[in-house]
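One line per chain: the protein sequences are A and B, in this order.
If you're matching positions, the first sequence starts at 190 in the numbering used here and goes up one per residue.
If you're matching positions, the second sequence starts at 342 in the numbering used here and goes up one per residue.
Just below is one structure, and these are the notes that go with it.
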Amino acid sequence: DAKTTQPPSMDCAEGRAANLPCNHSTISGNEYVYWYRQIHSQGPQYIIHGLKNNETNEMASLIITEDRKSSTLILPHATLRDTAVYYCIVRVAGGGYNKLIFGAGTRLAVHP
Amino acid sequence: EAQVTQNPRYLITVTGKKLTVTCSQNMNHEYMSWYRQDPGLGLRQIYYSMNVEVTDKGDVPEGYKVSRKEKRNFPLILESPSPNQTSLYFCASSSLAGVVFFGPGTRLTVL
Numbered sequence: 190d191a192k193t194t195q196p197p198s199m200d201c202a203e204g205r206a207a208n209l210p211c212n213h214s215t216i217s218g219n220e221y222v223y224w225y226r227q228i229h230s231q232g233p234q235y236i237i238h239g240l241k242n243n244e245t246n247e248m249a250s251l252i253i254t255e256d257r258k259s260s261t262l263i264l265p266h267a268t269l270r271d272t273a274v275y276y277c278i279v280r281v282a283g284g285g286y287n288k289l290i291f292g293a294g295t296r297l298a299v300h301p
Numbered sequence: 342e343a344q345v346t347q348n349p350r351y352l353i354t355v356t357g358k359k360l361t362v363t364c365s366q367n368m369n370h371e372y373m374s375w376y377r378q379d380p381g382l383g384l385r386q387i388y389y390s391m392n393v394e395v396t397d398k399g400d401v402p403e404g405y406k407v408s409r410k411e412k413r414n415f416p417l418i419l420e421s422p423s424p425n426q427t428s429l430y431f432c433a434s435s436s437l438a439g440v441v442f443f444g445p446g447t448r449l450t451v452l
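Dropping the structure here:
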C-alpha cells in the first residue's frame, strides 16, 4: 500500500501557484519524498525529490515540514499544460531498492 | 537525449498469441522494471532487474516473463496473453538508488 495520502483532486487558475499537499506520517528517516506527474496516459514524469530540506528546480519547489510528516509541492505559475495527476511517493534510498509504490495521486486541473 | 523507449506503443492481439514488448534505455542504468496501470488499481510493478541476468518478480508477475541479456534492454514477454492482461504498460529504468525514469507506455488490448 502507498504510504502517502493526497487529496483526490484540486483546481488552480492559470498563472497562479498550485500547492499540492501530501501526508506521509509514517515516513522513516532514510526515506525520500518523490513527486511525479502523469499527463493523460503518458509515462510518469519525475518532478523533484527531497529528504528533509526544501528543494527547488526548474519545474517546482518542494517544502517538507520539519517533522517530515508532510510536504507540499509548489508549481509557482501553473499553466494549462500542468493539468495532470500528481503522485507523492516515499522511497527508501540506497540498497538498490528502486521500486516506486504509487497511490491514487491528486488530479490537478488548471483552468483559464 | 537520455530516454527510455518502448515498442510497440499500441498493440491489439488475440488470446494466446505470444507477444513481446521491447524496452530500451540509453542511460547505462543498472535497474529496469515493468509496471502495468489499470483504472482504480494504479501502477503496479510486474518484474524488475537489478543488472544483467538478474531479474525478480514484482507484485503482479503472473502471466509475464522477462529477460535481461544486455544492460540496455529489458523485454516483457507474454507467452499466452489473456484479456485480463489488457492494460497500459510502462518500462522504467534508473541507476541504483537514482531517479526512476519511465518510458512512454504501451497500450495493449487482448481480445
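Even glycine gets a Cβ: it sits at the ideal position worked out from N, Cα and C.
message: The beta strand (DSSP E) that contains His238 (chain A), what's its start and end?
response: Where His238 (chain A) is concerned, the enclosing beta strand (DSSP E) stretches over 234-239.
- prompt: Can you tell which of B:Leu382, B:Ser365, B:Glu342 has its C-alpha closest to the C-alpha of Leu417 (chain B)?
  reply: Ranking B:Leu382, B:Ser365, B:Glu342 by CA distance to the CA of Leu417 (chain B) puts B:Ser365 first.
- prompt: At a cut of 8 Å, does the segment 190-206 of chain A reach the segment 263-271 of chain A through at least three beta carbon pairs?
  reply: Contact between the segment 190-206 of chain A and the segment 263-271 of chain A is present, because at least three Cβ pairs lie under 8 Å.
- request: May I have the straight-line CA-CA distance separating Leu419 (chain B) from Tyr405 (chain B), to the nearest angstrom?
  value: Each residue's CA atom was taken as its position, placing Leu419 (chain B) and Tyr405 (chain B) some 5 Å apart.
- prompt: If we count Cβ pairs, one from each stretch, closer than 8 Å, do we get three or more for the segment 349-366 of chain B versus the segment 206-215 of chain A?
  reply: Below 8 Å, too few C-beta pairs join the segment 349-366 of chain B and the segment 206-215 of chain A to call them touching: fewer than three.
query: List, in order along the chain, the chain A residues whose C-beta lies closer than 7 Å to that of Tyr388 (chain B)?
result: Under the 7 Å cutoff, chain A gives no residues; its nearest Cβ is about 11 Å from Tyr388 (chain B).
field: Gln344 (chain B) (DSSP reduced to helix, strand or coil)
entry: Gln344 (chain B) falls in the coil class under three-state DSSP.
message: Using C-beta distances below 7 Å, list every residue in its chain close to His229 (chain A), excluding the 5 sequence neighbours before and after it, in chain order.
response: Correct list: empty, nothing qualifies.
query: When DSSP labels each residue in this structure, what does Leu352 (chain B) get in the three-state scheme?
result: Strand, per DSSP.
- request: Counting only the same chain and skipping the five closest in sequence on each side, list residues whose C-beta sits under 8 Å from that of Pro424 (chain B).
  value: Result list for Pro424 (chain B): Thr356, Val451, Leu452, in chain order.
task: Work out the CA separation of Trp375 (chain B) and Asn367 (chain B) for me, nearest whole Å.
output: The alpha-carbon of Asn367 (chain B) is positioned some 16 Å away from that of Trp375 (chain B).
task: Using three-state DSSP, classify Gln195 (chain A) as helix, strand or coil.
output: In this structure, Gln195 (chain A) counts as coil in the three-state DSSP scheme.
message: Using the Cβ count rule (16 or more neighbours within 10 Å means buried), how would you classify His370 (chain B)?
response: Counting Cβ neighbours within 10 Å, His370 (chain B) comes out buried, since at least 16 surround it.
task: Return helix, strand or coil for Pro424 (chain B), following the three-state DSSP convention.
output: DSSP places Pro424 (chain B) in helix when its eight states are reduced to three.
- prompt: Mind checking Pro233 (chain A): buried by the 16 CB within 10 Å criterion, or exposed?
  reply: Classification of Pro233 (chain A): buried, given that the 10 Å Cβ count is 16 or more.
- prompt: Does the pairing of the segment 431-445 of chain B with the segment 231-245 of chain A give three or more beta-carbon distances under 8 Å?
  reply: Touching, per the Cβ criterion.
- request: Find the nearest neighbour of Asp271 (chain A) within the set A:Asn242, A:Leu289, A:Thr194, A:Met199, judged by alpha-carbon distance.
  value: It is A:Met199.
Helix, strand or coil at Asp271 (chain A) [DSSP, three-state]: The answer is helix: DSSP assigns Asp271 (chain A) an H, G or I state.
- prompt: Using the rule of at least 16 other Cβ atoms within 10 Å of the residue's Cβ for burial, across every protein chain shown, is Ile353 (chain B) buried or exposed?
  reply: By the neighbour-count rule (16 or more Cβ atoms within 10 Å), Ile353 (chain B) is not buried but exposed.
- prompt: Apart from the five residues just before and just after Thr396 (chain B), which ones in its own chain have a Cβ nearer than 8 Å to its Cβ?
  reply: Cβ neighbours of Thr396 (chain B) beyond the five flanking positions: Tyr388, Tyr389, Ser390, Val407, Ser408, Arg409.
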